[in-house]
Every structure is written in structure tokens, then in C-alpha cells.
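Numbering (this note's numbering), first residue to last: 32 to 108.
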């Protein structure tokens with residue numbers, strides 16, 4: 032039996048875990064040397080956890096069970 036690894040975990044402003052995004056898809060990240068890292072992901076519009084993806088909150092990204100980094104969520108204007 033294989034164990035499912037979380038891919039995106041959301042934390043609030045106090046770094047308290049508030050959601051695990053089981054339905055996240057199109058997850059990507061860009062770790063550049065000497066530059067700010069960036070990540071993005073999508074959620075279905077009907078996913079009730081969309082409300083946790085607020086500007087200023089944090090998203091912890093995992094790739095194949097390995098922690099990539101903690102990213103601050105920004106909302107494009």
C-alpha cells in the first residue's frame with residue numbers, strides 16, 4: 032500500500048496550519064539561485080478550501096514527498 036503525500040499545505044499569518052489542499056493541481060515552482068523563488072498551483076473553483084488561499088498566507092510545497100519550500104501567497108491584481 033502506497034502512502035499519499037501532501038502536495039500543498041496552507042498556513043495562516045501566525046504559521047498555524049489551516050488547510051491541506053488535496054485537490055491542488057498544476058503545481059509548479061521555480062527555485063533560482065540568488066533570486067526570489069516562486070511557486071504556483073490551481074484549485075477547482077468549487078473547492079471549499081479556496082478560502083484559505085489568501086494573500087499573506089503561506090503555502091508549503093512538496094514534490095514526491097520531499098519538502099521544496101514555504102512560499103508567501105500573493106494575489107495578482
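Note that beta-carbon positions come from the ideal geometry of N, C-alpha and C, so glycine has one too.
Paired residues, beta bridge with residue i - DSSP
i: residue 70; result: 60
i: residue 103; result: 89
i: residue 97; result: 94
i: residue 39; result: 92
i: residue 51; result: 40
Alpha carbon of residue i to alpha carbon of residue j, nearest angstrom
i: residue 35; j: residue 54; result: Because the pLDDT at residue 35 is just 49, under 50, the model does not fix this residue reliably, and the value given afterwards should be weighed accordingly. Their Cα atoms are separated by approximately 12 Å.
i: residue 82; j: residue 65; result: 32 Å
i: residue 50; j: residue 90; result: 10 Å
i: residue 75; j: residue 96; result: 22 Å
Pick from the options that is closest to residue i, judged by C-alpha positions
i: residue 107; options: 87, 38 and 46; result: 87
Min CB distance residue i to chain C below 8 Å
i: residue 57; result: Structure shown: chain C not included; a single protein chain is present.
With 16 other Cβ atoms within 10 Å as the buried cut-off, status of residue i
i: residue 69; result: exposed
i: residue 102; result: buried
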